[in-house]
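Colleague: Provided herewith is a single structure, encoded as structure tokens, for subsequent inquiry.
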Amino acid sequence: MEENMLRRALLACALMLVTLLMGAQPSFTVGQYNIRYDARKDVKKGNGWEQRRPHIISFINYQQWDVVGLQEVLNSQLDDLMAGLDGYAAIGVGRDNGKKRGEYTPILYRKNRMRCLESGTFWLSEKPDKAGSVGWDAAVPRICTWAQFEDMHTGWRFWMFNVHMDHVGTMARREGAKLVMAKVEEMCGGEPYLLTGDLNVDQHDEIYAMLTAPGMFVDAIDKASRRYVNNGTTNAFSVNRYSENRIDHIFVSGRFDVHKYGILPLVYWALTDCSDNPYEARMLSDHYPVEAVVELPHLRIGAVIGPAGCQ
Numbered sequence: 030m031e032e033n034m035l036r037r038a039l040l041a042c043a044l045m046l047v048t049l050l051m052g053a054q055p056s057f058t059v060g061q062y063n064i065r066y067d068a069r070k071d072v073k074k075g076n077g078w079e080q081r082r083p084h085i086i087s088f089i090n091y092q093q094w095d096v097v098g099l100q101e102v103l104n105s106q107l108d109d110l111m112a113g114l115d116g117y118a119a120i121g122v123g124r125d126n127g128k129k130r131g132e133y134t135p136i137l138y139r140k141n142r143m144r145c146l147e148s149g150t151f152w153l154s155e156k157p158d159k160a161g162s163v164g165w166d167a168a169v170p171r172i173c174t175w176a177q178f179e180d181m182h183t184g185w186r187f188w189m190f191n192v193h194m195d196h197v198g199t200m201a202r203r204e205g206a207k208l209v210m211a212k213v214e215e216m217c218g219g220e221p222y223l224l225t226g227d228l229n230v231d232q233h234d235e236i237y238a239m240l241t242a243p244g245m246f247v248d249a250i251d252k253a254s255r256r257y258v259n260n261g262t263t264n265a266f267s268v269n270r271y272s273e274n275r276i277d278h279i280f281v282s283g284r285f286d287v288h289k290y291g292i293l294p295l296v297y298w299a300l301t302d303c304s305d306n307p308y309e310a311r312m313l314s315d316h317y318p319v320e321a322v323v324e325l326p327h328l329r330i331g332a333v334i335g336p337a338g339c340q
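Residues are numbered in our numbering as their position in the sequence shown, beginning at 1, plus a constant of 29.
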């Protein structure tokens, strides 16, 4: 009698677990956003971080990306973001010393959806483990932040890499891309992966072609069932600037489905000194945010594993 009752209880628990997993949202949203560093010269033109900060924070809180790769984030800006964002954790270090100095290329994630299993940073240089190292013909140190996540809704594990390639050195971008690809192959062990980043190359460049060669990365825009794309990803803080060039990218491995992809042309309204027109449209950054809704089509039911060494 007791044995039958135990079996029924175990069966009921198993059925409840399956029901919960089946009812969970299997897709999740990936963001990519170069938020523009806190530059003094931007203040005089009305584009300083103090003006833009509340709007970027409000936007991310509204958008609720499950994971997002950011670029050009100084430590003070990261502090501002983490103070204003709801339910997010951040992974990353400053590129100049591997601590707090220099720009971060952080990965942010929603703590109630994603569990970080491990994370780290490598430098895009001939010495990827050396903090602050400058690679090839790059103008400044460049980094890749990475993390392995477990989606708590589905049990799936995946890897995410987030980069900001050099704005000057062609060799640095090319060799940096090769290094990222080598690290992905070395680290991921056949598990699915994502790459977000400001690559400083558009969809027509040889380095983009290298990254999207068969068997490596797929541009999320090419896999998306639905797209919202009527401009490129940079704007130079001008509401009237148009370009078809995409230098901010979301790439996925072949195991991902992509339901939606969008480049979001955001503005906010700022007060002016003109009585006839007291408000004007301003850009949140000199880059537009990019997002993709992705899914791993086969759910895996597995044990929940706690964090192991995330920054």
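From the three backbone atoms N, C-alpha and C, an ideal C-beta is built for every residue, glycine too.
#1: Under the rule that 16 or more other beta-carbon atoms within 10 Å means buried, what is residue 312, buried or exposed?
#2: Taking 8 angstroms as the cut-off, does the stretch 125-133 touch the stretch 156-163 (at least 3 CB pairs, one atom from each stretch)?
#3: Can you check whether the CB of residue 238 is closer than 7 angstroms to the CB of residue 198?
#4: Where do the N-terminal and C-terminal ends of the beta strand (DSSP E) with residue 105 fall, by residue?
#5: By Cβ distance, which residues of its chain are closer than 6 angstroms to residue 310, with the 5 residues on each side in sequence left out?
#6: How many angstroms separate the CA atom of residue 172 from the CA atom of residue 206?
#7: For residue 55, which residues in the same chain have their Cβ closer than 6 angstroms to its Cβ, ignoring the five residues on either side in sequence?
#8: Name the DSSP bridge partner or partners of residue 116?
#9: Have a look at residue 147 and residue 177 and give me their C-alpha separation to the nearest angstrom.
#10: Go through its chain and collect everything with a Cβ distance to residue 144's Cβ below 6 angstroms, but skip five positions before and after it.
#11: Taking the beta carbon of residue 189 as the centre, do at least 16 other beta carbons fall within 10 Å, making it buried, or is it exposed?
#12: Should residue 330 go down as buried or exposed, given a rule of 16 or more other Cβ atoms within 10 Å for buried?
#13: Check for me: the beta strand (DSSP E) holding residue 288 runs from which residue to which?
#14: Quick one: any contact between the stretch 104-118 and the stretch 241-256, if contact means 3 or more CB pairs under 8 angstroms?
#15: Extract the residue ranges of the beta strand (DSSP E) inside the stretch 47-90, only unbroken runs of 3 or more that lie entirely within it.
#16: Applying the criterion that 16 or more other CB atoms from any shown protein chain within 10 Å of the CB defines a buried residue, is residue 320 buried or exposed?
#17: For residue 215 and residue 102, I'd like the C-alpha separation in whole angstroms.
Modeller: Working from what's here:
#1: buried
#2: yes
#3: no
#4: Not the beta strand (DSSP E): residue 105 falls in the alpha helix (DSSP H), residues 104-113.
#5: 268 and 296
#6: 11 angstroms
#7: 183 and 324
#8: For residue 116, which the question treats as bridged, DSSP gives no partner whatsoever.
#9: 5 angstroms
#10: 179 and 181
#11: buried
#12: Interpretation of residue 330 is limited by its pLDDT of 45, a score under 50 that renders its predicted location unreliable; the figure taken from the coordinates is listed afterwards. It counts as exposed.
#13: 286-292
#14: no
#15: 57-63
#16: buried
#17: 28 angstroms
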